[in-house]
Amino acid sequence: MDYGESRAYIKDAERYGSVLGLDNMYEMMKRLGNPQDSLKVIHVAGTNGKGSVIAYLYSVLGKAGYRVGRYVSPTLYSYRERLEICGERITCEEFAECVTEISEVIREMTREGLPHPTPFEIETAAAFLYFKKENCDIVLLEVGMGGDLDATNIIKRPVLSIIVSISMDHMGFLGSTLREIAEKKAGIIKKGCPMITVKQKPEAEAALKERCKKMEIPFVYADSSEAQITEEGIWGQSFWLKGEEYRISLAGVYQKENSVLALKALELLEELGYPTSLKERKEGLLAASWKGRFTVIHKDPLMIVDGAHNPGAADMMAETIRHYFMRKNEGQKLIYIMGMFRDKDCRSVLSKTLPFAQQVFTIQTPDNERALPSGELADMAREFHPDVTACDHISDAVAQAFQAAGPKDVILAFGSLSFIGVLTEAVKQYKTTERGN
1 MDYGESRAYI KDAERYGSVL GLDNMYEMMK RLGNPQDSLK VIHVAGTNGK GSVIAYLYSV
61 LGKAGYRVGR YVSPTLYSYR ERLEICGERI TCEEFAECVT EISEVIREMT REGLPHPTPF
121 EIETAAAFLY FKKENCDIVL LEVGMGGDLD ATNIIKRPVL SIIVSISMDH MGFLGSTLRE
181 IAEKKAGIIK KGCPMITVKQ KPEAEAALKE RCKKMEIPFV YADSSEAQIT EEGIWGQSFW
241 LKGEEYRISL AGVYQKENSV LALKALELLE ELGYPTSLKE RKEGLLAASW KGRFTVIHKD
301 PLMIVDGAHN PGAADMMAET IRHYFMRKNE GQKLIYIMGM FRDKDCRSVL SKTLPFAQQV
361 FTIQTPDNER ALPSGELADM AREFHPDVTA CDHISDAVAQ AFQAAGPKDV ILAFGSLSFI
421 GVLTEAVKQY KTTERGN
């Protein structure tokens, strides 16, 4: 099959539903020769910050000359962004080749009465096949959801397990308390394999410590309070840590925690046989890019996009807004464009972020059955803000937001990563049309 057929094949797998557990994933991978068993994997779980920490490690390890694979989701601009090696996306032909091989195995499985793998299981299998074929030195593997029962968790012995900040998300699948959610994410911690995390809330920390004790490994965390910010803004920030100054290009008050975690992980990796120099760490951190995380996509007026979609991320966004915009007291107007999934804690996100806005435009995230209609999101938003407009199309929201904004104002689009790519294109189209007029 070609690339288009491969994408369609994965999409079609949605109709088969899913079966709880990893038995089906193990069976599929066994028939594919268990390529994952020969990979050196850094396994990353948690709620907020996975992509950023992976971006830092990907950049630094690449600077150090390692052949680094990266598997992440969701993606913003291209489906193939989820599978990269040293900055190069998997080609259409390579992806089709992997999926074709997997489809032949799935055909055998279903003939024998076994369940059909899910889209994410197929994508994860493709990642393992691809990274094995390409002889990666090390692979950065992002958990899809949770940890213990995630398709990525068939990795037997990760080089290192990293757990970023844990907060309430995916409650319908992972549990209704922070402790339950943390227990699921702690499932990636394996016996004899080192782990590292950040300073967590007490309930989450207790769950991680319990898992570490059971797996007979040390509980290690990176303390971001050791880093002292020297300069910060929407274009990045600098900080001192252990007598050295580092600079990162990613904005957001939470990025200090993510970058310090990455640096601590690099120290552990050096002990595990993956050395990087101070120069490579500094250059890699500065060069790291992760689109859609408080990313500026337009100037005058300033337009920022962010994937914040759960209460924990909303807390961090609120703190970032206070830090970057409220302290200056320059009369900047904040205008929001928001779109969310119906299975998210929308009211909590709205209550935490809307107090800073002067105007709100809601949209429906495109091409997703989980999308909350813009009218319903607007009704919820009006519980917290008087000036809310529901828009039929993303392009309408973009046009109205730009028309409402002065040159010194800020437009902030957030609520889901799923619409950021479409919104970015809508901004380009709007500005092109505006120039033409």
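Numbering follows the UniProt record's numbering, in which position 75 of the sequence shown is assigned residue number 75; successive positions increment by one, without gaps.
Every residue gets a Cβ at the ideal spot worked out from N, C-alpha and C, and that includes glycine.
{"Query": "Own chain, CB closer than 8 Å to E216, minus 5 neighbours either side, in chain order", "Result": "K191 and G192"}
{"Query": "For R7, the first and last residue of its enclosing beta strand (DSSP E)", "Result": "R7 -> not in any beta strand (DSSP E); alpha helix (DSSP H) instead, spanning Y3 to D12."}
{"Query": "Whole-angstrom C-beta distance between A318 and K352, which should lie under 8 Å", "Result": "5 Å"}
{"Query": "As assigned by DSSP and simplified to three states, the class of E383", "Result": "coil"}
{"Query": "Sub-8 Å separation of Y9 and A288 beta-carbons", "Result": "no"}
{"Query": "For K63 and I163, the rounded distance between their alpha carbons", "Result": "23 Å"}
{"Query": "Strand pairing of N48, partner residues [DSSP]", "Result": "S165"}
{"Query": "E244, DSSP secondary structure in three states", "Result": "strand"}
{"Query": "Buried/exposed call for R15, threshold 16 Cβ in 10 Å", "Result": "exposed"}
{"Query": "Own chain partners of D150 with C-beta closer than 6 Å, once the 5 adjacent residues on each side are dropped", "Result": "V143 and G144"}
{"Query": "Within the stretch 276-310, ranges of the alpha helix (DSSP H) (whole runs, at least 4 residues)", "Result": "278-287"}
{"Query": "Delimiting residues of the beta strand (DSSP E) encompassing I188", "Result": "Element bounds for I188: n/a, residue is neither H nor E."}
{"Query": "Sequence-distant residues of the same chain with beta carbon closer than 7 Å to A222, five excluded per side", "Result": "I196, V198, V260, L261 and K264"}
{"Query": "Opposing strand residues paired with T110 [DSSP bridges]", "Result": "Answer is none; T110 lacks a bridge partner."}
{"Query": "Environment of P158 [buried if 16+ CB atoms lie within 10 Å]", "Result": "buried"}
{"Query": "Helix, strand or coil at E68 according to DSSP, with G and I counted as helix", "Result": "According to the sequence shown, residue 68 is Val rather than Glu. DSSP places V68 in strand when its eight states are reduced to three."}
{"Query": "Alpha-carbon spacing of N135 relative to F128, whole angstroms", "Result": "11 Å"}
{"Query": "Own chain, CB closer than 8 Å to Y430, minus 5 neighbours either side, in chain order", "Result": "S395, V398, A399 and F402"}
{"Query": "Inter-residue CB distance, M25 and P117 (contact presumed, cutoff 8 Å)", "Result": "7 Å"}
{"Query": "Integer-rounded CB distance, given that W240 should sit under 8 Å from A251", "Result": "Contact flag wrong, Cβ pair sits at about 19 Å."}
{"Query": "Reference G46; option with closest CA among P275, L377, L208 and S238", "Result": "L208"}
{"Query": "Cβ separation of G292 and L76, assumed to be a contact under 8 Å, to the nearest whole Å", "Result": "5 Å"}
{"Query": "3-residue-minimum beta strand (DSSP E) runs that sit fully inside the stretch 118-164, ordered along the chain", "Result": "138-142 and 160-163"}
{"Query": "Meets three-Cβ-pair contact criterion under 8 Å: the stretch 378-390 and the stretch 346-362", "Result": "yes"}
{"Query": "Cβ shell of S348 (< 6 Å), same chain only, five flanking positions each side left out", "Result": "P311"}
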